[in-house]
Amino acid sequence: MSKLNIAVLVSGSGSNLQCIIDACESGSIDAAVKIVISDRQEALGLERAKKKGIRAEFVDFKSFSGREEHEKACSALIDSECCGLVCLAGYMRLVTGWFVRKYQGRIMNIHPALLPAFPGAHAHRDVLAYGAKVSGCTVHFVDEEMDSGPIIIQTSVKVLESDTEETLGKRVLELEHKAYLEAIKLFSEGRLEISGRKVRVK
Ligand code: GRF
Numbered sequence: 041m042s043k044l045n046i047a048v049l050v051s052g053s054g055s056n057l058q059c060i061i062d063a064c065e066s067g068s069i070d071a072a073v074k075i076v077i078s079d080r081q082e083a084l085g086l087e088r089a090k091k092k093g094i095r096a097e098f099v100d101f102k103s104f105s106g107r108e109e110h111e112k113a114c115s116a117l118i119d120s121e122c123c124g125l126v127c128l129a130g131y132m133r134l135v136t137g138w139f140v141r142k143y144q145g146r147i148m149n150i151h152p153a154l155l156p157a158f159p160g161a162h163a164h165r166d167v168l169a170y171g172a173k174v175s176g177c178t179v180h181f182v183d184e185e186m187d188s189g190p191i192i193i194q195t196s197v198k199v200l201e202s203d204t205e206e207t208l209g210k211r212v213l214e215l216e217h218k219a220y221l222e223a224i225k226l227f228s229e230g231r232l233e234i235s236g237r238k239v240r241v242k
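Written as structure tokens, this is what we have:
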């Protein structure tokens with residue numbers, strides 16, 4: 041089986057991206073990050089990629105007439121690197137049905153809460169405001185809804201009374217870094233089977 045090529049889409053810091061790059065580089069995941077794409081020129085994730093000699097592309101949403109057109113440009117880049125897996129890692133855009141169908145079963149996202157609870161862009165704030173006692177992270181395949189799609193891995197952490205968005209976010213991010221790698225490793229080994237809403241680990 042040939043090595044899995046990965047495309048990672050980021051909008052910000054890219055700490056998850058960094059873990060994926062490092063795991064591929066060290067050989068703990070038998071895959072290679074071939075391209076990093078961002079909708080934000082200033083995304084640190086693009087710098088992280090460049091530092092490792094990985095192709096880094098800024099695709100400006102404003103240059104396109106709509107979401108699908110923007111995604112078509114991203115998709116052309118992804119396909120030019122023959123990527124078998126697309127990882128959304130802090131990518132702050134909702135992808136369209138067109139993009140989801142194109143990469144059906146080979147596009148993943150990570151969310152910093154235990155879905156289906158607390159979807160959206162302010163998960164930690166929402167968890168604290170709700171008074172939840174447990175939070176965590178979810179790696180899932182992407183479908184046409186936001187933070188939806190069959191769940192691959194979830195890991196949890198206790199919410200402390202003293203937690204702020206920042207402290208909870210930091211602990212959850214540590215979980216994310218492990219969970220995303222585990223999900224990608226399983227995918228790269230061909231061990232994830234999607235059946236309806238369920239993901240079976242073979
Ligand atoms: C993570 O918390 C991820 O779950 C969310 O955005 C954040 C990205 O962090 N979708 P980073 O850019 O990987 O550091």
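As numbered in the numbering used here, the sequence shown has no gaps in its residue numbers, which increase by one up to the final residue, 242.
Ideal Cβ positions, reconstructed from N, Cα and C, are used throughout, including at glycine.
Any idea if residue i is buried or exposed, counting beta-carbon neighbours within 10 angstroms, 16 or more meaning buried?
| i | result |
| --- | --- |
| Lys74 | buried |
| Pro152 | buried |
| Ser120 | exposed |
| Arg88 | buried |
| Glu109 | exposed |
| Leu134 | exposed |
| Leu200 | exposed |
| Gly137 | exposed |
| Gln58 | buried |
| Arg171 | In the sequence under discussion, the amino acid at residue 171 is Gly, which differs from the Arg named in the question. Gly171 should be labelled exposed. |
| Ser228 | buried |
| Ala129 | buried |
| Glu111 | buried |
Bridge partners of residue i, per DSSP?
| i | result |
| --- | --- |
| Arg240 | Glu233 |
| Cys127 | Val48 and Met148 |
| Val76 | Val48 and Ala96 |
| Ala71 | Leu44 |
Our contact map puts residue i next to residue j with C-beta atoms below 8 Å; I'd like the distance itself, whole angstroms only.
| i | j | result |
| --- | --- | --- |
| Val182 | Met148 | 7 Å |
| Leu84 | Gly106 | The Cβ separation is near 27 Å, so there is no contact. |
| Ile150 | Glu214 | About 13 Å; that fails the 8 Å criterion. |
| Ile69 | Leu168 | Contact doesn't hold; Cβ gap of about 33 Å is too wide. |
| Val186 | Pro159 | The question names Val, but residue 186 is Met in the sequence shown. The pair is a contact, with the Cβ atoms about 6 Å apart (cut-off 8 Å). |
Among residues of its own chain, excluding the 5 on either side of residue i, which ones have a beta-carbon nearer than 8 Å to its beta-carbon?
| i | result |
| --- | --- |
| Gln194 | Leu154, Leu155, Gly176, Cys177, Thr178, Val179 and Ala219 |
| Ile46 | Ile60, Cys64, Ala71, Ala72, Val73, Lys74, Cys123, Gly124, Leu125, Val126, Cys127 and Ile224 |
| Val140 | Ile147, Val182, Asp183 and Glu184 |
| Val174 | Leu154, Ser196, Val197, Lys198 and Val199 |
| Lys91 | none |
CB-CB under 7 Å to residue i, same chain, minus the five flanking residues each way: which ones, in chain order?
| i | result |
| --- | --- |
| Lys238 | Pro190 |
| Ile234 | Gly145, Phe181 and Pro190 |
| Ile77 | Ala47, Leu49, Glu97, Val99, Cys114 and Leu117 |
| Arg211 | Val197 |
| Lys102 | none |
| Asn56 | Ala129, Gly130, Ile150, Glu216, His217 and Tyr220 |
| Phe104 | His110 and Ala113 |
| Lys43 | Asp70, Ala71 and Ala72 |
| Leu86 | Val76, Ser78, Ala96 and Phe98 |
Leaving out the 5 sequence neighbours to the left and right, which residues in its chain are closer than 6 Å to residue i when beta-carbon positions are compared?
| i | result |
| --- | --- |
| Arg231 | Val241 and Lys242 |
| Tyr143 | Val126 |
| His164 | Glu205, Leu208 and Gly209 |
| Arg80 | Ser51 |
| Asp203 | none |
| His162 | none |
Inset, instruction - Pick out the complete beta strand (DSSP E) segments inside the region 160 to 217, 3 residues or longer, and give them in chain order. - result: Taking only runs of at least 3 residues, the beta strand (DSSP E) segments lying wholly in the region 160 to 217 are 174 to 181 and 191 to 198.
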